[in-house]
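Protein chains in written order, with the working numbering: chain A, 28 to 139; chain B, 5 to 223.
Yeah, the Cβ is synthetic: ideal placement off N, Cα and C, and Gly gets one too.
Note that the coordinates shown come from a computational prediction; the quantities given were computed from them, not determined experimentally.
Have a look at the structure below before the remarks.
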Amino acid sequence: MSAYNRNTIIVGLAAALLVGAVVSYFASGNPDGLEKTQENLGAADTAYQGLQAPPVAFQEYSLTWLGEGFWGNAAAGVFGSLLVMALLLGLGRLLRHKRHEADPGDSSAMTS
Amino acid sequence: MHIASGFLSPPVWGTMAAVSGAAIAGSLAVAGRRLDERKVPLMGVMGAFIFAAQMVNFPVLPGTSGHLGGGFLLGILLGAPLGIIVMASILVVQSLVFQDGGIEALGANIFCMGVIPCLLGAAVRRLWMRPKVGLFADVVTAIAGIVGVLAGATVVILLLSWSASLPGSVSLGHALGVMNFVHLFIGIVEGLVSVAVVRFVLTMRREAVFGVGAKEAIG
Chain A
28 MSAYNRNTII VGLAAALLVG AVVSYFASGN PDGLEKTQEN LGAADTAYQG LQAPPVAFQE
88 YSLTWLGEGF WGNAAAGVFG SLLVMALLLG LGRLLRHKRH EADPGDSSAM TS
Chain B
5 MHIASGFLSP PVWGTMAAVS GAAIAGSLAV AGRRLDERKV PLMGVMGAFI FAAQMVNFPV
65 LPGTSGHLGG GFLLGILLGA PLGIIVMASI LVVQSLVFQD GGIEALGANI FCMGVIPCLL
125 GAAVRRLWMR PKVGLFADVV TAIAGIVGVL AGATVVILLL SWSASLPGSV SLGHALGVMN
185 FVHLFIGIVE GLVSVAVVRF VLTMRREAVF GVGAKEAIG
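Quick look at the structure:
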């Protein structure tokens with residue numbers, strides 16, 4: 028990996044983890060714009076059989092066994108951010124392989 | 005703005021799943037054909053950052069909070085196809101791991117917070133690829149960011165209305181008014197934060213993100 032890409036990841040990830048683990052602890056606990064609108068209109072009851080993920084490790088944005096304090100929230104922010112990043116880097120790898128298979132002659136054109 | 009589980013009727017969430025599924029399939033096809041490899045680390049990092057930023061609810065009106073959507077910003081920085089892929093990944097993780105947004109509502113949520121704002125972001129992306137970027141780009145981008153949030157909020161209410169999940173005594177116009185009034189303030193924050201982050205990226209990673217002087221791999 029080039030130093031350029033490495034620096035992008037380090038700086039960007041540091042910002043993400045700081046926001047997700049620390050800044051988010053100070054977030055407002057009030058309902059968001061949609062929830063509040065539904066509340067105001069009196070539409071808070073669900074009418075359909077939906078599909079909701081079970082709270083396996085995280086209850087909303089808190090790690091269950093750390094509770095709703097600072098550390099439970101920080102764990103959710105760190106885990107979620109890293110999971111999204113891992114997912115996207117993996118997807119990027121897949122797409123790159125796919126492109127090289129489809130058009131092997133083009134592979135050197137855009138490496139940095 | 006995540007639609008929770010149980011509010012959308014099966015025909016509505018089914019339709020939205022098909023629409024967003026098509027948008028994701030199209031985005032993956034475009035990205036698979038012409039992916040600029042320098043954008044892959046940026047994609048990952050931006051995904052992590054937007055996920056984290058969405059956890060930060062800021063107060064807007066009394067008793068109400070809002071958080072960044074991020075799709076608009078991603079549309080500017082990555083273009084529509086990659087932006088949609090990143091937003092879809094975030095919303096899937098939020099729904100499956102953090103119970104934020106119903107699983108059956110994923111298509112609707114990806115459309116309102118992913119497809120719509122990503123397309124608007126991509127529309128103003130060109131302004132930031134010019135050799136000289138002036139105040140005009142900041143103003144147009146901030147306004148487009150607000151429009152993106154309001155458009156998403158409007159579609160959310162329309163979907164709830166088509167699902168008969170608004171109370172019968174409330175007119176559609178009134179519901180749209182209440183929803184858009186709140187989201188006007190959230191949209192202003194979205195627009196301003198997007199401009200600030202784009203300015204920062206323009207300073208730090210201009211060539212990789214906006215490809216100034218080089219032909220773009222993904223437009």
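Item: Listed by chain order, chain A residues near B:Ala179 by CB distance under 7 Å; Value: Leu68
Item: Chain-ordered residues of the stretch 68-89 of chain B with a beta carbon less than 8 Å from chain A; Value: Thr68, Ser69, Gly70, His71 and Ile89
Item: 8 Å contact criterion, which A:Val46 and B:Phe53 should meet: CB distance rounded; Value: 7 Å
Item: Backbone secondary structure at B:Pro63 - three-state DSSP; Value: strand
Item: Unbroken stretches of the alpha helix (DSSP H), 4 residues or longer, contained in the stretch 40-114 of chain A; Value: 60-68
Item: B:Ala26 versus B:Gly191 - alpha carbon distance; Value: 27 Å
Item: Three-state class that DSSP yields for B:Ser69 in the structure shown; Value: strand
Item: Assigned exposure category for A:Tyr88 - 16 Cβ within 10 Å defines buried; Value: buried
Item: Three-state class that DSSP yields for B:Ile7 in the structure shown; Value: coil
Item: Buried versus exposed, by CB contacts within 10 Å (16 or more), B:Arg134; Value: exposed
Item: Spatial distance of B:Met47 from B:Ala35 (CA atoms); Value: 12 Å
Item: Cut-off 8 Å between Cβ atoms - residues of its own chain near B:Leu72, not counting five sequence neighbours on either side; Value: Ile54, Ala57, Gln58, Val60, Val193, Glu194 and Val197
Item: Chain A contact for B:Leu46 (CB, 8 Å cutoff); Value: yes
Item: Every unbroken alpha helix (DSSP H) inside the stretch 148-173 of chain B [4 residues or more]; Value: none
Item: Meets three-Cβ-pair contact criterion under 8 Å: the stretch 88-95 of chain B and the stretch 161-173 of chain B; Value: no
Item: Where the alpha helix (DSSP H) through B:Glu194 begins and ends; Value: Leu176 to Met208
Item: Limits of the unbroken alpha helix (DSSP H) element including B:Ser99; Value: Ala84 to Phe102
Item: Validate contact between the stretch 107-125 of chain B and the stretch 12-32 of chain B using beta carbons, cut 8 Å, 3 pairs; Value: yes
Item: Proximal residues of chain B, C-beta to C-beta of A:Phe85 below 9 Å; Value: Val101, Phe102 and Gln103
Item: Beta-carbon contacts of A:Asn100 that lie in its chain and below 7 Å, excluding the five residues immediately before and after; Value: Ser51, Tyr52, Tyr88 and Ser89
Item: Top-ranked residue by Cα proximity to A:Gly77, from B:Ser13, B:Ile147, B:Arg37 and B:Gly74; Value: B:Ser13
Item: Spatial distance of A:Val83 from A:Val105 (CA atoms); Value: 17 Å
Item: A:Tyr52 beta carbon near the ligand ATP (any heavy atom closer than 7 Å); Value: The ligand ATP is not among the ligands present in this structure, which contains no ligands whatsoever.
Item: Cut-off 6 Å between Cβ atoms - residues of its own chain near B:Ala212, not counting five sequence neighbours on either side; Value: Arg42
Item: Positions along the stretch 105-121 of chain B whose CB lies within less than 7 Å of some CB in chain A; Value: Gly106, Ile107 and Glu108
Item: Test item: CB-CB of B:Gly149 and B:Leu78 under 8 Å; Value: no
Item: CB of B:Leu39 within 8 Å of CB of A:Leu122, strictly; Value: yes
Item: Alpha helix (DSSP H) segments (min. 4 residues) lying fully within the stretch 104-128 of chain B; Value: 110-114
Item: Cβ-based burial, A:Ser92 [other Cβ within 10 Å; buried from 16]; Value: First, the amino acid is wrong: residue 92 of chain A is Trp here, not Ser. Burial call: exposed.
Item: Cβ-Cβ separation, B:Gly70 to B:Ile120 (assumed contact under 8 Å), whole Å; Value: In fact, because the Cβ distance is near 17 Å, the residues do not count as touching under 8 Å.
Item: Cβ shell of A:Ser139 (< 8 Å), same chain only, five flanking positions each side left out; Value: Legend: pLDDT at A:Ser139 = 39, less than 50; position of this residue unreliable, value from coordinates given subsequently. Here the set comprises Ser29, Tyr31 and Asn32.
Item: Proximity test, Cβ basis, 8 Å: B:Leu225 and chain A; Value: No information on residue 225 of chain B is available, as it lies outside the stretch 5 to 223 that chain B covers here.
Item: Length of the line joining the Cα atoms of B:Pro86 and B:Ser31; Value: The sequence shown places Leu at residue 86 of chain B, rather than the Pro named in the question. Going from the Cα of B:Leu86 to the Cα of B:Ser31 covers about 7 Å.
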